[in-house]
Amino acid sequence: MFEKVLIANRGEIALRIHRACKEMGISTVAVHSTADADAMHVRLADEAVCIGPPASKDSYLNIQAILSAATITGADAIHPGYGFLSENANFAEMVEEHGFTFIGPTPEHIRQMGDKITAKRIAEETGMPIVPGSEGSVDTVEEALKIGEHFGYPVIVKATAGGGGKGMQLVRTAEDMEVNWKMARTEALAAFGNADVYIEKFLTHPRHIEIQVLCDTHGNAVHVGERDCSLQRRNQKVLEEAPSPALNEAQRNKIGETVADAMRKMKYRGVGTVEFLYENGEFFFIEMNTRLQVEHPISEMISGLDLAREQIRVASGAPLGMTQDDIKFNGHSIECRINAEDPENFMPCPGQITDYHAPGGLSVRVDSALYTGYKVPPHYDSMIAKLIVHGANRNECLMRLRRALGEYVIGGIKSSIPLHQKLLENQDFINGDYDIKWLEKFVGLED
Ligand code: ADP
Numbered sequence: 085m086f087e088k089v090l091i092a093n094r095g096e097i098a099l100r101i102h103r104a105c106k107e108m109g110i111s112t113v114a115v116h117s118t119a120d121a122d123a124m125h126v127r128l129a130d131e132a133v134c135i136g137p138p139a140s141k142d143s144y145l146n147i148q149a150i151l152s153a154a155t156i157t158g159a160d161a162i163h164p165g166y167g168f169l170s171e172n173a174n175f176a177e178m179v180e181e182h183g184f185t186f187i188g189p190t191p192e193h194i195r196q197m198g199d200k201i202t203a204k205r206i207a208e209e210t211g212m213p214i215v216p217g218s219e220g221s222v223d224t225v226e227e228a229l230k231i232g233e234h235f236g237y238p239v240i241v242k243a244t245a246g247g248g249g250k251g252m253q254l255v256r257t258a259e260d261m262e263v264n265w266k267m268a269r270t271e272a273l274a275a276f277g278n279a280d281v282y283i284e285k286f287l288t289h290p291r292h293i294e295i296q297v298l299c300d301t302h303g304n305a306v307h308v309g310e311r312d313c314s315l316q317r318r319n320q321k322v323l324e325e326a327p328s329p330a331l332n333e334a335q336r337n338k339i340g341e342t343v344a345d346a347m348r349k350m351k352y353r354g355v356g357t358v359e360f361l362y363e364n365g366e367f368f369f370i371e372m373n374t375r376l377q378v379e380h381p382i383s384e385m386i387s388g389l390d391l392a393r394e395q396i397r398v399a400s401g402a403p404l405g406m407t408q409d410d411i412k413f414n415g416h417s418i419e420c421r422i423n424a425e426d427p428e429n430f431m432p433c434p435g436q437i438t439d440y441h442a443p444g445g446l447s448v449r450v451d452s453a454l455y456t457g458y459k460v461p462p463h464y465d466s467m468i469a470k471l472i473v474h475g476a477n478r479n480e481c482l483m484r485l486r487r488a489l490g491e492y493v494i495g496g497i498k499s500s501i502p503l504h505q506k507l508l509e510n511q512d513f514i515n516g517d518y519d520i521k522w523l524e525k526f527v528g529l530e531d
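All residue numbers in the sequence shown are consecutive under our numbering, ending with 531.
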């Protein structure tokens with residue numbers, strides 16, 4: 085097992101990894117920008133190294149500075165967290181070339197899953213259901229029109245190198261194809277330096293359901309059930325729940341086993357999430373995230389597993405400590421992402437926390453790096469806390485979540501707590517009756 089892990093991240097995820105390490109007897113190295121000198125992850129870690137000025141590109145994305153910090157502190161392994169360098173195959177490669185273990189999948193798997201056409205091809209080859217669409221990139225408007233006709237409108241043109249919802253164009257009719265196909269290519273080139281696009285059938289009212297997997301380097305893979313992340317605004321998840329209100333046990337086992345089997349075929353290692361759109365009882369692969377995700381705690385709450393610990397264990401070469409039969413799901417869990425932003429217009433609201441009280445009590449978990457007096461810096465993602473609750477069933481979970489949100493005090497800045505409170509009063513949400521378009525309508529009406 086590792087003796088010292090460098091955590092190449094900040095905020096709540098840096099704390100999450102630090103906590104897993106400490107419970108395993110591993111010492112930790114925090115890295116931080118000058119803007120984060122007073123951050124909680126710096127205070128808690130055993131050692132801390134400043135890696136640059138506030139801008140992410142000069143600090144948390146500064147590969148040379150991170151590798152130097154690992155060298156001078158004598159770390160054995162580097163955990164990338166999520167975001168920043170976590171899905172950068174070149175970084176993973178450099179980490180290993182410098183003699184450290186990268187706590188994540190192989191650079192090759194990161195690269196393959198980062199290219200959407202390759203990812204979709206591998207998904208299909210390993211037996212996962214995919215969205216019907218073009219085979220590979222669509223390089224001429226004539227080809228695009230043929231595909232539109234073949235699959236029937238509406239279709240969606242998507243960037244091969246895509247991410248964050250950029251380079252995507254909905255095409256409703258053949259007349260719109262030329263303009264939208266060109267626009268998607270232009271956007272893709274500007275955002276990713278690669279104009280290649282592909283085309284898929286557009287699903288009108290899907291849910292976003294993703295499967296958590298955990299794999300070791302000995303050929304074992306298990307799934308840890310699904311998360312329903314349909315509540316999104318501008319492709320950003322807002323609230324996630326597990327299990328999905330839309331699935332029954334048989335459906336869960338079937339898709340879970342399909343994905344675990346695909347992971348075994350791929351020889352994937354570490355934790356990962358396979359994202360699907362789900363419509364009319366069918367799953368359609370959209371992408372795979374090759375890292376620990378923001379919403380992993382809800383899977384931990386219903387399975388009792390510590391995914392961060394398992395991720396570190398398998399990275400050190402240990403075999404999985406459980407089989408699929410050992411994984412039992414218990415009750416219901418919901419996570420609210422709490423952002424430093426105006427709940428009415430979603431503008432970021434960085435600033436000083438004048439007063440802080442986190443909710444507690446039975447089955448309430450807060451993953452956050454906030455404290456009274458902390459200044460939320462303006463340079464990074466606005467997510468400042470995750471409130472995660474568990475209940476014996478969905479109803480108890482909702483009641484507990486309302487209670488916990490009511491207790492949460494984050495003084496001095498605006499936060500999205502009031503948005504979550506409104507959401508929890510909404511009948512559609514209470515009924516579990518929502519798809520990926522629902523939240524945008526909900527916040528639109530509320531504005
Ligand atoms: P990105 O990596 O840019 O986030 P994804 O492929 O994950 O791109 O898609 C992002 C979102 O776009 C999905 O969560 C879904 O809301 C929407 N989307 C993508 N493909 C389709 C499709 N074929 N039909 C309907 N919506 C889609």
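Yeah, the Cβ is synthetic: ideal placement off N, Cα and C, and Gly gets one too.
Contact test: residue i Cβ vs the ligand ADP heavy atom, cutoff 8 Å
{"i": "V255", "result": "no"}
{"i": "G277", "result": "no"}
{"i": "F368", "result": "yes"}
{"i": "M197", "result": "no"}
{"i": "E284", "result": "yes"}
{"i": "H50", "result": "What the structure shows of the chain is the stretch from 85 to 531, and residue 50 is not part of that stretch, so it cannot be assessed."}
{"i": "V215", "result": "yes"}
{"i": "Q377", "result": "no"}
{"i": "E524", "result": "no"}
{"i": "L361", "result": "yes"}
{"i": "N264", "result": "no"}
{"i": "K250", "result": "yes"}
{"i": "E371", "result": "yes"}
{"i": "L323", "result": "no"}
{"i": "N146", "result": "no"}
{"i": "G356", "result": "no"}
{"i": "L436", "result": "The question names Leu, but residue 436 in the sequence shown is Gln. No - the ligand ADP has no heavy atom lying nearer than 8 Å to the Cβ of Q436."}
{"i": "L287", "result": "yes"}
{"i": "N364", "result": "no"}
{"i": "Q316", "result": "yes"}
{"i": "N319", "result": "yes"}
{"i": "I520", "result": "yes"}
{"i": "K338", "result": "no"}
{"i": "G495", "result": "no"}
{"i": "G528", "result": "no"}
{"i": "G246", "result": "yes"}
{"i": "I206", "result": "no"}
{"i": "K242", "result": "yes"}
{"i": "K200", "result": "yes"}
Supposed contact pair residue j and residue i - C-beta distance, whole angstroms, cut 8 Å
{"i": "D519", "j": "P290", "result": "6 Å"}
{"i": "I418", "j": "L323", "result": "7 Å"}
{"i": "T336", "j": "E310", "result": "It should be pointed out that residue 336 corresponds to Arg in this sequence rather than to Thr. Between E310 and R336 the Cβ distance is about 6 Å, and since that is below 8 Å, they are a contact."}
{"i": "P502", "j": "P427", "result": "4 Å"}
{"i": "E400", "j": "F184", "result": "The question names Glu, but residue 400 in the sequence shown is Ser. Wrong, their Cβ atoms sit about 12 Å apart, outside the cutoff."}
{"i": "R317", "j": "E524", "result": "6 Å"}
{"i": "R421", "j": "V378", "result": "7 Å"}
{"i": "I135", "j": "N146", "result": "6 Å"}
{"i": "A274", "j": "H163", "result": "That belief does not hold up - the Cβ atoms of A274 and H163 are roughly 32 Å apart, past 8 Å."}
(request) Please determine if the region 99 to 109 and the region 139 to 152 are in contact, where contact requires at least 3 C-beta pairs separated by less than 8 Å. (result) Output reads no: the region 139 to 152 does not touch the region 99 to 109.
(request) Take every Cβ of the region 122 to 136, pair it with every Cβ of the region 91 to 105, and state whether three or more of those distances are shorter than 8 Å. (result) yes
(message) With a threshold of 8 Å, are at least 3 pairs of Cβ atoms found where one atom belongs to the region 338 to 355 and the other to the region 201 to 215?
(response) yes
(request) Note down, one range per segment and in chain order, each beta strand (DSSP E) of at least 3 residues found wholly within the region 279 to 331. (result) 281 to 285, 291 to 299, 305 to 317, 320 to 326
(message) What ranges does the alpha helix (DSSP H) occupy inside the region 214 to 250, keeping only unbroken runs of at least 4 residues that lie completely in it?
(response) 225 to 235
(request) Could you name each continuous alpha helix (DSSP H) segment of 4 residues or more that falls completely within the region 125 to 199, going from the start of the chain to the end? (result) 147 to 157, 173 to 181, 191 to 198
(request) List in chain order: all unbroken alpha helix (DSSP H) runs of 4+ residues lying wholly within the region 341 to 427. (result) 380 to 387, 391 to 399
(message) Measuring CB atoms only, is the region 224 to 242 touching the region 259 to 270, in the sense that at least three cross pairs come out at less than 8 Å?
(response) yes
(message) Below 8 Å, how does it come out for the region 445 to 454 and the region 471 to 480: are there three or more Cβ pairs, yes or no?
(response) Yes: the two stretches touch, three or more of their Cβ pairs being nearer than 8 Å.
(request) Ignoring anything shorter than 4 residues or poking outside the region 454 to 493, list the alpha helix (DSSP H) runs there in chain order. (result) 478 to 491
(message) With three or more C-beta pairs closer than 8 Å as the rule, is the region 405 to 421 touching the region 374 to 389?
(response) yes
(message) Does the structure place the region 356 to 376 close enough to the region 162 to 174 that three or more beta carbon pairs sit under 8 Å?
(response) Yes: the two stretches touch, three or more of their Cβ pairs being nearer than 8 Å.
(request) Specify whether the region 294 to 308 and the region 353 to 368 touch according to this definition: at least 3 beta carbon pairs, one from each stretch, less than 8 Å apart. (result) yes
(message) Can you confirm whether the region 433 to 440 touches the region 489 to 499 when touching is taken to mean that 3 or more C-beta pairs between the two stretches lie within less than 8 Å?
(response) Counting Cβ pairs under 8 Å, three or more are found: they touch.
(request) Determine, using beta-carbon pairs with one atom in the region 243 to 257 and one in the region 198 to 209, whether at least three such pairs fall under 8 Å. (result) yes
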